[in-house]
Amino acid sequence: MVSLMSLLLPILVAAVVVFLASALVHMLLPFHKNDYRKIPREDEFLEAVRRFDLPAGDYVAPHAEGPAAMKDPAFLEKRAKGPTIVMTFNPGAPPSMGEHLTKWFAYCVVVSLFAAYIASRTLPAGTEYMQVFRIVGTTAFMGYSLALAQNSIWHMKNGGATFRSMIDGLAYALLTGGVFGWMWPGA
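The working numbering applies: residue 15 is where the sequence shown begins, and numbers increase by one.
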């Protein structure tokens, strides 16, 4: 076993490397340009939604209050007629990019921390690069990618967008595994 404190530098370096790689993916490459589509007659749509004065949050329509309501004929009719909407609503301006980037960096640190914890409990000091890479990379992949599938399964997110984000997660996991393999404590 290796002390988690001895992995503090690899945790931070991996988080920085992933943060920078994600900036390159999202700012310079067209990989995610089709993740969201423009709503036709967007101005009319936005004006119509504004009139509802909804608080920020996640919404679904048609909505059932519970299992019994899901059997209600009126609900079933609305559902059959369509459309079905799953949306996140923010009535004001979006949070600043700085806030998003801060949260993303913190998430990168958390994924690296969990990967470090699992590796520190399973690998001794002096473990060869590829073994560290496999354990840390696999753990980081779970943190960056696997839960994203739920967006398409339950929230109707575009499958292609989810898949592209999972590919990003694979790249981030490979980078994380590489950093830890390179910086793993010697025997």
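We put the beta carbon where it would ideally sit given N, CA and C, even for glycine.
Beta-carbon proximity check, residue i vs residue j, cutoff 8 Å
i: residue 170; j: residue 100; result: yes
i: residue 141; j: residue 198; result: yes
Backbone CA spacing between residue i and residue j [nearest angstrom]
i: residue 168; j: residue 74; result: 11 Å
i: residue 133; j: residue 146; result: 7 Å
i: residue 138; j: residue 21; result: 12 Å
i: residue 175; j: residue 83; result: 32 Å
i: residue 31; j: residue 149; result: 18 Å
i: residue 70; j: residue 98; result: 19 Å
i: residue 18; j: residue 124; result: 13 Å
i: residue 193; j: residue 33; result: 13 Å
i: residue 58; j: residue 102; result: 18 Å
i: residue 87; j: residue 80; result: 14 Å
Bridge partner(s) assigned by DSSP for residue i
i: residue 74; result: 100
Collapsed DSSP secondary structure at residue i in the structure displayed
i: residue 140; result: coil
i: residue 198; result: coil
i: residue 183; result: helix
i: residue 79; result: coil
i: residue 57; result: helix
i: residue 163; result: helix
i: residue 29; result: helix
i: residue 35; result: helix
i: residue 220; result: Nothing can be reported for residue 220, as the shown portion of the chain is limited to 15 through 201.
i: residue 95; result: helix
i: residue 47; result: coil
i: residue 107; result: coil
Nearest residue (CA-CA) to residue i, options the options
i: residue 94; options: 77, 173, 16 and 22; result: 77
i: residue 143; options: 155, 200 and 113; result: 200
i: residue 126; options: 71, 109, 86 and 191; result: 191
i: residue 118; options: 55, 24, 46 and 183; result: 183
i: residue 121; options: 26, 91 and 15; result: 26
i: residue 107; options: 64, 129, 128 and 96; result: 64
i: residue 51; options: 109, 172, 161 and 187; result: 172
i: residue 186; options: 24, 16, 23 and 29; result: 29
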